[in-house]
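Presented below is the structure to which this report refers.
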Amino acid sequence: MSFIDQEVTEIRAKCEKQVPHTKIIICSSSLIRVDIYPERPNRSMTVCLRFPQNYPRSTPILVELKSRVYSDMLLTELTRLIDDYARDFIGKPQALLVLAFAQQYLSDNPLCVCLDEIKQLRADIKTGGTESQLKLKQKNRSVELVAKGGLFTYRVTAVVPDSYPMQSVELRGQESNLPAVLVRYLNGQSREIARQCVEPPIRLSKEALANFRPVRSLQRSLKFCLEATRDFHIELCPICDNTVLPEDPQDIETDDNADSFIERVYCGHLFHQGCLKKYLSEPPFPKGGKFCPAQRRHPRSDAQTYMGRTQGGVVTVPRTPDDGVCGIKLAHDRWVVSVKTAEARWAQKQARQRELEEVVDFLQ
1 MSFIDQEVTE IRAKCEKQVP HTKIIICSSS LIRVDIYPER PNRSMTVCLR FPQNYPRSTP
61 ILVELKSRVY SDMLLTELTR LIDDYARDFI GKPQALLVLA FAQQYLSDNP LCVCLDEIKQ
121 LRADIKTGGT ESQLKLKQKN RSVELVAKGG LFTYRVTAVV PDSYPMQSVE LRGQESNLPA
181 VLVRYLNGQS REIARQCVEP PIRLSKEALA NFRPVRSLQR SLKFCLEATR DFHIELCPIC
241 DNTVLPEDPQ DIETDDNADS FIERVYCGHL FHQGCLKKYL SEPPFPKGGK FCPAQRRHPR
301 SDAQTYMGRT QGGVVTVPRT PDDGVCGIKL AHDRWVVSVK TAEARWAQKQ ARQRELEEVV
361 DFLQ
C-alpha cells in the first residue's frame with residue numbers, strides 16, 4: 001500500500017472522531033472533501049485536499065476552501081495560513097493536521113465571518129483621520145467601536161450572533177458625552193440600520209419580497225456611528241452659522257428651554273433652539289411651511305432611506321429645484337404649528353411691540 005493510500009485509510013478511520021464537527025464527503029487518493037460544521041449554525045466550510053506529485057517528500061498537500069458564508073478574502077487568507085502550516089510537516093502525513101487546523105481556526109475566531117467588514121471599518125477609521133478605535137473580542141463575539149469627533153466620544157459594542165448574517169448584530173453598551181438628543185439619535189438609527197439589513201420593508205411586492213436577501217449589518221451600522229460622531233462637533237447652525245456643539249463637552253446645555261439647547265430636525269441638520277424658534281416665528285410664512293435654510297442636504301437626513309433599499313434597489317431622496325440648498329420642510333415634534341397660527345402669533349408680537357414703542361414715546 002502506497003503512502004497516500006495509507007493516509008486515505010487513516011482519514012476514513014480517524015477524521016470524524018479526532019476532528020470535531022467534521023463530515024467526510026469524499027475520501028479517495030485523488031480527492032478528499034470534508035465539510036466542517038462548527039458549533040454555530042450557518043458557518044459551514046468545505047475543505048478539498050489533493051495530493052500533488054512528490055507528496056509528501058518535498059511538496060505540501062494542496063488545499064482549496066469553499067463556503068457560502070465566509071468571504072473570499074477570508075478563504076484566501078486561511079488557505080495561505082494552512083499552506084504555511086503544512087510546510088512544517090514535509091515528509092509526514094498532512095491531511096488530518098490540515099483539517100484539524102482549519103476546524104480549530106474557525107472555532108477560535110468566530111469573528112472571522114466579519115473579516116471583510118472589520119477591515120473596511122479599520123480603513124474607514126484611517127480615512128476619517130480621527131482617533132477612533134476598533135477593538136475585537138473573539139471570546140465574546142463582539143466588536144467595540146470608540147468613535148471620536150473633537151473631544152466628543154461615542155462607544156458602542158456590536159455582538160455578532162451565531163446565525164450572522166441572517167440575523168443582525170446586537171448593539172449595546174452605548175456610552176457618550178454627546179448631548180442626549182444626539183445619543184438617542186445614534187442609538188435608534190444604528191439599530192434601525194441593522195434591522196433593515198435583515199428584515200424586508202413592510203410595503204414590498206410579493207416578487208420583491210421573494211427576492212429579498214439579508215445583508216451584513218456590522219459595517220453598515222458601525223460606519224454610521226463612526227461618521228456621525230466624527231461630524232457632529234463641526235456642524236454649523238444654519239441660522240447663526242456658528243458651531244452647534246460647544247468645544248468642551250462639559251459646556252453642553254441641558255436645559256431644554258435655553259436658546260443654546262441643541263435640536264435635530266427631520267432633514268438631519270442641527271440647530272440652536274433659540275435660532276430655530278426665531279426662524280420659525282418670523283415671516284414669511286409660506287403655505288406649505290418653512291424649509292430648512294441650510295446650504296446643503298445633510299448626508300444623514302431622515303428624509304432618505306439610509307440603507308438605500310427600494311423595490312428597484314435604488315435610493316429615493318426628495319429632490320428640490322436647487323441642489324445647492326437643503327430644501328426639505330422643517331419638521332419637529334415640539335413645533336407643529338400651522339401657517340395661520342404662526343401668522344397670528346407674529347401679528348400679536350408686532351402689536352405688543354408697537355404698544356411698547358408708543359408708551360416709550362409718550363413718556364419721553
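Sequence positions in the sequence shown follow full-length UniProt numbering and run 1 to 364. The beta-carbon is built from N, C-alpha and C at its ideal position, and this holds for glycine as well. Nothing here was measured: the structure is a model prediction, and the numbers come from that model.
Supposed contact pair N109 and Q138 - C-beta distance, whole angstroms, cut 8 Å: 6 Å
Residues near N177 by beta carbon distance below 7 Å, same chain, minus five either side: F152, T153 and P249
What three-state label does DSSP hand F212 in the structure shown? coil
Limits of the alpha helix (DSSP H) - the one that C48 falls within: It is not in any alpha helix (DSSP H) - C48 instead sits in the beta strand (DSSP E) that spans M45 to R50.
Enclosing beta strand (DSSP E) for V63 [first to last residue]: L62 to K66
Going by the DSSP bridge assignment, what does L136 pair with across the sheet? V143
Touch check for the segment 183 to 192 and the segment 241 to 259: three-plus C-beta pairs under 8 Å? no
Could you name each continuous beta strand (DSSP E) segment of 3 residues or more that falls completely within the segment 245 to 291, going from the start of the chain to the end? 262 to 264 and 270 to 272
For G150, the residue or residues it bridges with in DSSP: DSSP, once it has assigned bridges, lists no residue as partnering G150.
Limits of the unbroken beta strand (DSSP E) element including E170: E170 to S176
Within 8 Å, do at least three Cβ pairs link the segment 234 to 243 to the segment 285 to 296? yes
Cα separation between G288 and L136? 49 Å
Along the chain, where does the beta strand (DSSP E) that runs through T22 open and close? T22 to C27
Go ahead and label L81 buried or exposed: buried means 16 or more other beta carbons lie within 10 angstroms of its beta carbon, across all protein chains shown. exposed
Quick one: grab the DSSP three-state call for I82. helix
On a Cα-Cα basis, can you pick out the residue from L106, E77 and Y55 that is closest to R87? Y55
Here's the rule I'm using: 16 or more other beta-carbon atoms within 10 Å means buried, otherwise exposed. How should L31 be labelled? exposed
DSSP state of T157, grouped into three classes? strand
Alpha carbon to alpha carbon, how far is A303 from Q167? Give it in angstroms, no decimals. 26 Å
In the DSSP assignment, the alpha helix (DSSP H) including R300 goes from what residue to what residue? Careful: R300 lies outside any alpha helix (DSSP H) and carries neither H nor E.
Nearest to I124 by alpha carbon, out of N140, E39, P283 and A147? The amino acid occupying residue 124 in the given sequence is Asp; Ile does not appear at that position. Of the listed residues, the one whose Cα sits closest to D124 is A147.
V314, DSSP secondary structure in three states: In this prediction, V314 has a pLDDT of 34, which is less than 50 and means its spatial position is unreliable; nothing more can be read from the coordinates.
How far does the beta strand (DSSP E) with R33 in it extend, from its first residue to its last? I32 to I36
Do L49 and L74 have their C-beta atoms within less than 7 Å of each other? no
When the Cα atoms are used, what is the spatial distance from G188 to R195? 11 Å
Taking the straight line between their C-alpha atoms, what separation do you get for R213 and P283? 49 Å
Enumerated in chain order, which unbroken segments of the alpha helix (DSSP H) with a length of 4 residues or greater are wholly contained in the segment 71 to 134? 72 to 87, 95 to 108 and 115 to 128
Based on the DSSP output, what are the partners of K329 in its beta bridges? F291
Does DSSP put T243 in a helix, a strand or coil? strand
Which residues in the same chain as K278 place their Cβ atom closer than 8 Å to its Cβ, once the five residues preceding and following it in sequence are excluded? I239
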